[in-house]
Every structure is written in C-alpha cells, then in structure tokens.
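If you're matching them up, the sequences are chains A and B in order.
Yeah, the first sequence ends on 132 if you go by numbering that gives the first Met the number 0, and it's all consecutive.
Yeah, the second sequence ends on 122 if you go by numbering that gives the first Met the number 0, and it's all consecutive.
Glycine included, C-beta positions come from ideal geometry on N, C-alpha and C.
Since the structure comes first, as structure tokens, the remarks are kept for the end.
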Amino acid sequence: MASDVQPKPVKRKPIEWFNLKGKRVGFWAYVGMRLSAIGLVLYLFLHLAVLSQLAVGPTAWDNFVALAKSPIFLLLDVILIIGILVHGLNGIRLSLIGFGIGVPSHKLMLWLAVILTIVFSILSALAIFSETH
Amino acid sequence: MVEKQLTRERASSWSWILQAFTGIMLVVLLGLHMVVQHFVVTGGLRNYQQVVQYISNPFLFLLEIAFLIMVTWHALLGVRAIILDLGLNPATERKVTAFLSIVGVVVVAYGIWLSATIVAQGA
Numbered sequence: 000m001a002s003d004v005q006p007k008p009v010k011r012k013p014i015e016w017f018n019l020k021g022k023r024v025g026f027w028a029y030v031g032m033r034l035s036a037i038g039l040v041l042y043l044f045l046h047l048a049v050l051s052q053l054a055v056g057p058t059a060w061d062n063f064v065a066l067a068k069s070p071i072f073l074l075l076d077v078i079l080i081i082g083i084l085v086h087g088l089n090g091i092r093l094s095l096i097g098f099g100i101g102v103p104s105h106k107l108m109l110w111l112a113v114i115l116t117i118v119f120s121i122l123s124a125l126a127i128f129s130e131t132h
Numbered sequence: 000m001v002e003k004q005l006t007r008e009r010a011s012s013w014s015w016i017l018q019a020f021t022g023i024m025l026v027v028l029l030g031l032h033m034v035v036q037h038f039v040v041t042g043g044l045r046n047y048q049q050v051v052q053y054i055s056n057p058f059l060f061l062l063e064i065a066f067l068i069m070v071t072w073h074a075l076l077g078v079r080a081i082i083l084d085l086g087l088n089p090a091t092e093r094k095v096t097a098f099l100s101i102v103g104v105v106v107v108a109y110g111i112w113l114s115a116t117i118v119a120q121g122a
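Given below as structure tokens:
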C-alpha cells in the first residue's frame, strides 16, 4: 500500500500532465494541483494589479467595486473559490503525506478533498449569489 | 556527479518543506483574508472608505502583509517547481531562482507601498 506513494517528486513537462492514459487517481490530483496552481498565480497578479486602483483614489476603487458585483464577476468568484478549494484541500493532504501522516489513507483523503470541494463550492456559490448589494 | 545529485535533492526537499510551510500558513491567512474582506462585509467587497478604515489598523496591516509574503512566496515556489520540471541545466535553474526571488521582493515591496499609500490617503 505504501509503495503506491512516490517517495520523491517526478519531473514532468507540462504536456505530460494531459497524458492520462493508464494513470492512477493520484495523477489526476497532481494535474488538478498544477492547473489550479497556474490559475491561482494568474489571479494573484491580476488581483495585485487591480488593487493599484486604491492608490488612484476613491472613485477609481468604488467604480471597480460596482463592476465586481456584476454577475459575470460573481461567476468568476465562484470559479476562483473552486480553484482555492481544489488546491488548498489537496495541499493539506499532500503536506500530511509528505510529513508521513496518514500515508495509508492517502486515497481516502483524496476523495474526502473532492467531496469537501464540491460541498464548499456549492455553499460559496449560494452565499455569493444570494448576497444583497 | 554524485555530489551534484545530492545537492539537487537537498535543494528540492528544502523547497518542498517551504512550500508545505507557506501552504499551511495560507490555509489560516487566506481563510482570515476571505472572512474579513468579504464574508463580514455587506455586499461582499469593501468600498474605498471601508478599505482605508481596515488597513489603517496596524494589526490588520501587518496581517495583510504577512499574507502577501506567504502567498507570493508560495506562488513563486510553485512557478519554480513547474519550470524546474522542464529539466533545465543547473546554471539556468539558478538564474530562474534568482529571477523569481527578485520578482518576489518586488511584489512584496509593491504591496507594502500600496498599503502605506492607502493609509496615508486616509490620514
């Protein structure tokens, strides 16, 4: 069972992330981790760039706030939260396994991460779209 | 050759531990960031006055900067891991690490400057 877990990272070029033939479920987690990582990095830099509007002044920021409450932005918020949940929950799982905690339960933890991602994504979507402006 | 192999493996476990550490910090700091910036705010996003009021609190200022440092570090370690998986030679890898380190310092400096600017505008 423990031999299912790779003891050290394997180098893979990005094109190999999409070669899913004959791969175990852990590989899907790896691909999900990498793709969500890229999305979150792009979001981080976009977010920091948008925050510069705060230095421009009150009107500039409040105009952005109005734009950010449009339905398309709210949908993007839900996608962002899904990305955070996929990456964060699987990240907790990888940290535990990396430090030798719960290694035999790695697959159970993966499914737990998937279920929690789905549950919290739905709750977040409901909260975001039911918020009164 | 053996020595180089060992060095590279030490380097990769060093970056893995940092990635895990900053990641765990982010679970807490991103959680706090989401709650204070969105969940407790009517309408889900602070207007200008609310941002000024928030970031003018010294404790919250430091909390957001700590969050920025952790998220930038974590993000750039991740970018580095993806780039190093391409299988570059050690000299190029060092250049990648140096470049991303500079990016990290610039991003954090920008965040501190921006936060301080907002506090000054509200004063």
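To the nearest angstrom, how far is it from the Cα of residue i to the Cα of residue j?
| i | j | result |
| --- | --- | --- |
| Leu59 of chain B | Gln36 of chain B | 11 angstroms |
| Ala19 of chain B | Glu130 of chain A | 34 angstroms |
| Ala28 of chain A | Gly99 of chain A | 18 angstroms |
| Asn56 of chain B | Ile127 of chain A | 27 angstroms |
| Ser123 of chain A | Gly43 of chain B | 12 angstroms |
| Val102 of chain B | Arg11 of chain A | 24 angstroms |
| Leu115 of chain A | Thr91 of chain B | 40 angstroms |
| Leu19 of chain A | Leu88 of chain A | 22 angstroms |
| Gln120 of chain B | Leu93 of chain A | 43 angstroms |
| Gln52 of chain B | Pro70 of chain A | 27 angstroms |
| Ala134 of chain A | Leu29 of chain B | Summary: the structure shown does not reach residue 134 of chain A, with chain A confined to residues 0 through 132, and so no result is reported for it. |
| Ile82 of chain B | Val27 of chain B | 27 angstroms |
Return no unless some Cβ of chain B is closer than 9 angstroms to the Cβ of residue i.
| i | result |
| --- | --- |
| Leu43 of chain A | yes |
| Trp60 of chain A | yes |
| Ser51 of chain A | yes |
| Phe119 of chain A | no |
| Pro13 of chain A | yes |
| Val30 of chain A | no |
| Gln5 of chain A | At Gln5 of chain A the pLDDT is 46, less than 50, meaning the model places this residue with poor confidence; the figure from the coordinates comes in the next sentence. Not an interface residue. |
Measuring CA to CA, which of the options is closest to residue i?
| i | options | result |
| --- | --- | --- |
| Phe98 of chain B | B:Leu29, B:Trp72 and B:Asn56 | B:Trp72 |
| Val30 of chain A | A:Ala54, A:Leu45, A:Gly82 and A:Val49 | A:Gly82 |
| Ile80 of chain A | B:Thr21, B:Trp15 and B:Phe38 | B:Phe38 |
| Ser35 of chain A | A:Val118, A:Val85, A:Ile114 and A:Leu93 | A:Val85 |
| Thr96 of chain B | B:Ile54, B:Leu76, B:Val50 and B:Leu61 | B:Leu76 |
| His46 of chain A | B:Ala122, B:Tyr109 and B:Gln120 | B:Tyr109 |
| Met69 of chain B | B:Ser14, B:Val118 and B:Ile23 | B:Ile23 |
| Leu113 of chain B | A:Gly101, A:Arg23, A:Gly56 and A:Asn89 | A:Gly56 |
| Asn46 of chain B | A:Val40, A:Ala59 and A:Phe44 | A:Ala59 |
| Ile78 of chain A | A:Glu15, A:Phe119, A:Arg23 and A:Phe63 | A:Phe119 |
| Thr21 of chain B | B:Phe66, B:Pro89, B:Gln48 and B:Leu62 | B:Phe66 |
| Val106 of chain B | A:Ser51, A:Glu15, A:Leu111 and A:Asp76 | A:Ser51 |
Return yes when the Cβ of residue j is within less than 9 angstroms of the Cβ of residue i, no when it is not.
| i | j | result |
| --- | --- | --- |
| Gly25 of chain A | Leu109 of chain A | yes |
| Thr41 of chain B | Leu53 of chain A | no |
| Ile96 of chain A | His105 of chain A | yes |
| Pro103 of chain A | Leu85 of chain B | no |
| Val78 of chain B | Val113 of chain A | no |
| Ile64 of chain B | Ile16 of chain B | no |
| Leu43 of chain A | Ala74 of chain B | yes |
| Leu31 of chain B | Leu62 of chain B | yes |
Got a sec: is the Cβ-Cβ distance from residue i to anything in chain A below 9 angstroms?
| i | result |
| --- | --- |
| Met0 of chain B | Low confidence applies to Met0 of chain B: its pLDDT is 45, below 50, so where it sits in the model is not reliable, and the reading given next is rough at best. Judged by the 9 angstroms Cβ criterion, Met0 of chain B is not in contact with chain A. |
| Leu31 of chain B | no |
| Thr91 of chain B | no |
| Leu25 of chain B | yes |
| Asn46 of chain B | yes |
| Trp13 of chain B | no |
| Val78 of chain B | yes |
| Leu17 of chain B | no |
Would you check whether the ligand SAH has a heavy atom nearer than 8 angstroms to the C-beta of residue i?
| i | result |
| --- | --- |
| Ile16 of chain B | For the ligand SAH, the structure offers nothing, since it holds no ligand at all. |
**Study point:** Length-filtered (4 minimum) alpha helix (DSSP H) runs lying within the stretch 52–129 of chain A
**Key:** Complete alpha helix (DSSP H) runs here, min 4: 52–55, 57–67, 70–97 and 105–129.
Check your understanding: Where are the beta strand (DSSP E) runs, 3 residues long or more, that stay fully inside the stretch 7–34 of chain A, in chain order?
Key -> The DSSP assignment places no complete beta strand (DSSP E) segment of no fewer than 3 residues inside the stretch 7–34 of chain A.
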